[in-house]
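Numbering-wise, the sequence shown is residues 1 to 373 according to the numbering used here.
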Amino acid sequence: MAQRQFSWLGPVSCGTLESAAMLASVRTSVQKTSATLQCGLLQSLLWIVCWIKDIVVAVTGENMEAMKGIIQRYQHKRISLVEAGVTRHRSIFNGLKALAEDQPNSRLSKPEVVIIHDAVRPFVEEDVLFQVVTAAKEYGASGAIRPLVSTVISPSTEGCLDYSLERARHRASEMPQAFLFDVIYEAYRQVTYKRDLYAAESIIKERISQQICVVMDTKEDEEHVGHRLEEMLKNELNHMKKVTSGKDLQQILLEQCYSFVCVNVMTSDFEETHKLLNMLEESNLSILYPVVVISVHFLDYKSVPFGQTMENLMPIREFAKEVKKRNILLYGLLIYYPQDEQKLKESLRQGATIIAALIKERNSGLTGQLLIA
């Protein structure tokens, strides 16, 4: 039989007909005996399946020294170790990188086909490995499947049976899986890069949402609904500062605050919001990250008709379009100001929740919208 070679990655593994490697991940806190057993089984597989060239094992930090000792003790020549990632996805990617030509200090040759398999299930027939590799070489990717044994159901929102899959028409996807190395490696590179971007974006959002500045006119009585809203906001947001003058606001801008709640005393008054937007544009604060501004207005439904209030607040759409060009996200919030104390508390609580969500999400698709609490 002509010699074929593979790379196998494990808990997860890899391979090819011209060159092959196996990646196995020992992720959880594995006992030394368990690690010894797994490593021994993988080595046995190498002897039985002679066309597997290398095994790459992804190992958690706490098991790394134990695995090195096992390899040295039993002189496993074709097993290489890489550090496991925090997720299965990362562990597989680390194993793939050990086989890639574009990685520094890479000692292994790049395989044509790679088999990915779970190291906790090492007993795989050679025929299964050969079939998935042959199919992967022809089609780019392949995997083992088996008939469904259990019934797979989809529950309704009420927790009742919505529908069940017809077992005769469906199959369960299993390991091992095989891929052309260039195909799976590029796919993992792109997906991992996007995940890194999403993670970085999430971290930035979290960071710039930490400090919130509430702009309010202190000439009003402390019992004014605006001050009560401020108290509600303290329950939703951690770090909040209140400013009342241009000088104070200028200092806040120097401290690089990226989230503002502008409380307008009069229902249709945009004066405070206008002042804030002008200062933000002059400061160029929004060049690096988007700045959120929430223009808050109150409605006493007994004194001002609702339709008139909505008409008076419509200009916020045009304001939002203009400032969005300069990376400022402007939202409007109208809070009902009923006379009933309990209803007022509920309106303020809902308003504080909306403000917190807008600041944390920073959704550009909602700019210019007038939300109602």
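Using N, Cα and C, we set each Cβ at its ideal position, and we do this for glycine too.
Top-ranked residue by Cα proximity to residue i, from the options
| i | options | result |
| --- | --- | --- |
| E255 | E138, L233, L280 and F270 | L280 |
| Q443 | K343, E126, L229 and K241 | Since the first residue shown for the chain is 1 and the last is 373, residue 443 is missing from the structure and cannot be characterised. |
| V82 | S106, V59 and C262 | V59 |
| R362 | F298, I208 and N63 | I208 |
| M232 | L348, Q251 and E341 | L348 |
| S150 | V261, E166 and L161 | E166 |
| Q251 | T273, V225 and S283 | S283 |
| K360 | I203, R107 and E311 | I203 |
| R88 | G61, D118, A320 and S109 | D118 |
Proximal residues to residue i (C-beta, below 7 Å), its chain only, five neighbours per side dropped
| i | result |
| --- | --- |
| A356 | E236 and L237 |
| R146 | R171, A172 and E174 |
| L313 | S268, H297, G332, L334 and L370 |
| Q350 | A373 |
Cβ neighbours of residue i in the same chain (closer than 6 Å, five flanking residues each side left out)
| i | result |
| --- | --- |
| T36 | Because T36 sits at a pLDDT of 48, beneath the cut-off of 50, its placement in the model cannot be relied upon, and the point is left open. |
| A379 | With the chain running from 1 to 373 in the structure shown, residue 379 is simply not present. |
| S154 | D162 and Y163 |
| E230 | V214 |
Check whether residue i and residue j have beta carbons under 8 Å apart
| i | j | result |
| --- | --- | --- |
| K324 | T367 | yes |
| S286 | I328 | yes |
| Y188 | F93 | yes |
| V291 | Y336 | no |
| P111 | L96 | no |
| F270 | C213 | no |
For residue i, the first and last residue of its enclosing beta strand (DSSP E)
| i | result |
| --- | --- |
| D54 | I52 to V59 |
| I115 | V113 to I116 |
| V263 | S259 to V263 |
Start and end residues, alpha helix (DSSP H) containing residue i
| i | result |
| --- | --- |
| M279 | E271 to S283 |
| S91 | R88 to A98 |
| R228 | V225 to E236 |
| F130 | E126 to Y139 |
Neighbour flag for residue i against chain C, beta carbons, 8 Å
| i | result |
| --- | --- |
| L370 | Here chain C cannot be found, since the structure has a single protein chain. |
Closer than 7 Å: residue i CB and nearest the ligand ADP heavy atom
| i | result |
| --- | --- |
| T367 | Among the components of this structure there are no ligands whatsoever, and the ligand ADP is therefore not found. |
Beta-carbon proximity list for residue i, same chain, < 8 Å, skipping 5 on both sides
| i | result |
| --- | --- |
| R90 | A84 and T192 |
Practice prompt. Run through the segment 312-346 for me and flag every whole alpha helix (DSSP H) of 4 or more residues, listed as ranges in chain order.
Written response: 316-324
Worksheet item: What runs of the beta strand (DSSP E), each 3 residues or longer, lie entirely inside the segment 169-203?
Response: 171-180
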